[in-house]
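Chains as they are written, first to last, in this note's numbering: chain V, 69 to 259; chain Z, 3 to 162; chain X, 8 to 460. Here's the structure, in structure tokens; my notes come after.
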């Protein structure tokens, strides 16, 4: 049934084709993150929302506290054994379409804490779409991760893959902080 | 200031350490609070000496045990800290609670119980504070593993 | 008004101290506080209920006039990280509270036993992640005390450490002002606080290489010297701050809404604060002028001139005003440091403890061997145990370290100020509204990294 594949499954004519890109544009440009700041990465996430780096210019105007109103979960910080069920519960409460960015090395892989208390990678609990490395990743890296996610959504592949396998995209971005002295140019967000 | 508190005293790096028998702990801390002005309890923690290979440098009257409960007290009038070390045997890890003397030790004693399994007699709510309620084992004991995921290739045995 | 009920109860309890009513003076026996817990048990502010019991209770229907036990957090916009509160409410009034922590437990103390003393600051710095330099400083000071080199640290290194600690205090208090403002509702304050903080983080990045979690203060000194133009950077950073702090005063301190939300809210008395082992701005807000920088000085705090800011009423407004003025005092200290910082070594020249400069590794075999040993095996610390405490922006942070002669600490315990300060939360929230509870949590300024470690 064409409806099972979402918008992708329709035979597009001029009207629905435009509608699909309209929907993708709307999903990208007004994504609301759920507040899931756990540890040090949360401070950097707040700094990204602050005036210097200003996440609001990409449409992330507000961080919605209620997961029902959020599309994006930025797991910012280390996830302990006690927190893991809470994380899963919040993820389950979010409405489709939803995406997950794993911010920082502790969320991506356990980071420097390879011990009994930390879940070694949040992808053991939720499907992750973009991994942002760093300890903590600076605002520039986080923005790079978010814009990468946007470009994935724009290409449409992300929603298709998620519906098919239930897993996340699993894209790794590079850390971009502190490169103030003109290194090789990186195309931000293009994947 | 060489005052005699009536218990074996030692010194570590310039800091006074008192070795208190565990039955007398709560009374002794109350005596320190009322008569010697140590009005704040800064810290209650524990150490597991199971894997300690160096000599322990305890006074001769003190019998070394596996666990030690360490209490750090502060005298704001004299501007000094003092440290108490209490030996706790492995087969009977119970220590009187300091909650009646210093209510601020409630959370610290819960953490010592959670991490080491040392019970504090007289504590109003001795439950796990850092680990989930149904966790088994006491993580900071020396026979509890770090929990590292074993890596297949490791050139050197002991390195990280 | 809930504020009246709390002071009324306190009058009964304080007995001989501050009984206001005529009847009180007649009937109540003076209480010496010999049983400190009696005071606190009578208040009965802490809800002693386990999570499973609460879950069972929630499945039954509460009666008409029974109290309600609700859960706040751990994922909640205003719990400052992953703090969970179980509240017993009667209508909108908070009766008893139980803070449930452990959602960020990282096993850092266990990890610390596995890392060498040089790697220790990387671990410890992530505990109180709003003021990482304080954690590194207390760990390094404890290690140096165990090594016996605490008097041999070069003065320049100590002054640099002071500079970093005070800049970190400014950054941490700005974070407090931002989050406190946002919790009360002044959302613009969030942006202003972060704007100032970014400048300090830029300075930290220039000096240490990282914006946060720097691993800069290491046993033996600091990791690298300050860049040559640091004085200009610091002065340029500090120049707009007094005027901006004045703007914050205009936005918040004098405003009637701000005052009504914070004054008289979350009152704690001196006796309670000392009994609950609270330190830092909470203790100072009750009127006790206890600041470790002045009372038990470390580094070179006895050579700089600063005031200890003290409150009077022990309420949230006092704590906010104390932190705002501590930023001003820290600015004063940094100006003095800028003038007084001497030239010299930035770390101790003891070859067994500090790695050699990188250039010497090419020239000298001995330097190469020392470098190798220090970074792989680590330097050995003679056996013993020590407790060192310093003043972090949240209170007294202490490090209790036991060494056994090997290259790794045998036991490394950090006394996190927020862990202990959280015990004051139930007593401050009792009798207030739920909305006041948010203001109170914010004024305690807990950082869950050091609560859970």
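Glycine included, every Cβ here is placed at the ideal spot set by N, Cα and C. Small disclaimer: the values here were computed from a predicted structure and weren't measured.
- In this structure, the straight-line span from the alpha carbon of residue 241(V) to that of residue 197(V) is close to 11 Å.
- One Cα belongs to residue 348(X), the other to residue 366(X), and the distance between them is close to 26 Å.
- With fewer than 16 other Cβ atoms inside 10 Å of its own Cβ, residue 253(X) counts as exposed.
- Residue 149(X) is not a Cβ neighbour of residue 172(X), given a cutoff of 8 Å.
- When DSSP reads this structure, residue 18(Z) sits in a beta bridge with 13(Z).
- Annotated as distal: residue 405(X) and residue 417(X), with beta-carbon spacing of 8 Å or more.
- Contact between residue 61(X) and residue 93(X) holds: their C-beta atoms lie close to 6 Å from each other, under 8 Å.
- Burial check for residue 59(X): the Cβ neighbour count within 10 Å stays below 16, so the residue is exposed.
- Contacts with chain V at 8 Å (Cβ-Cβ) include residue 205(X).
- Comparing alpha carbon positions, the residue from 173(V), 88(V), 159(V) and 89(V) closest to residue 134(V) is 159(V).
- Taking C-alpha positions only, residue 424(X) is separated from residue 402(X) by approximately 5 Å.
- When the beta-carbon positions are compared, residue 12(Z) and residue 19(Z) come within less than 8 Å of each other.
- Around residue 72(Z), the beta-carbon contacts reaching into chain X at under 7 Å are 407.
- DSSP places residue 123(Z) in the uninterrupted beta strand (DSSP E) bounded by 121 to 123.
- The Cβ atoms of residue 108(X) and residue 131(Z) sit closer than 8 Å to each other.
- When C-beta distances to chain X are compared with 9 Å, the residues of the stretch 29 to 55 of chain Z below that value are 32, 35, 36, 41, 42, 43, 44, 45, 47, 48, 49, 50, 51, 53, 54 and 55, in chain order.
- Residue 100(X) sits in a strand when the DSSP states are folded into three classes.
- Using beta-carbon distances, residue 186(V) counts as an interface residue toward chain X, with a partner under 8 Å.
- Restricted to the stretch 131 to 186 of chain V, the alpha helix (DSSP H) segments that are unbroken, complete and at least 4 residues in length are 152 to 161 and 173 to 177, listed in chain order.
- The DSSP-derived three-state label of residue 410(X) is strand.
- In this structure, residue 10(Z) places its C-beta atom within 8 Å of the C-beta atom of residue 64(Z).
- Look at residue 253(X) here: in three-state DSSP terms it is helix.
- Residue 110(Z) carries a helical assignment under DSSP once its states are collapsed to helix, strand and coil.
- At a cut-off of 8 Å between beta-carbon atoms, residue 13(Z) makes no contact with chain X.
- Among the CB atoms of chain X, none fall inside 8 Å of the CB of residue 25(Z).
- Under DSSP, the beta-bridge partners assigned to residue 106(X) are 92(X).
- Residue 120(Z) is outside the set of residues whose beta carbon lies under 8 Å from a beta carbon in chain V.
- Neighbours of residue 422(X) in chain Z, taken as residues at a C-beta separation under 7 Å, are given in chain order as 44 and 45.
- Distance from the CA of residue 87(V) to the CA of residue 93(V), rounded to the nearest whole angstrom, comes to 10 Å.
- Per DSSP, reduced to three states, the secondary structure at residue 98(Z) is strand.
- Contacts with chain V (Cβ-Cβ distance below 9 Å) from the stretch 120 to 134 of chain Z involve 132, 133 and 134, listed in chain order.
- A distance of 8 Å or more separates the beta carbons of residue 104(V) and residue 163(V).
- Taking C-beta atoms as the reference points, residue 334(X) and residue 181(X) count as a pair closer than 8 Å.
- Residue state for residue 47(Z) is assigned as strand, using DSSP reduced to three classes.
- Positions of the alpha helix (DSSP H) runs, each at least 4 residues long and wholly inside the stretch 264 to 311 of chain X, are given as 277 to 282, 288 to 292 and 299 to 302 in order along the chain.
- Counting along the chain, the unbroken beta strand (DSSP E) around residue 69(Z) starts and ends at 69 to 77.
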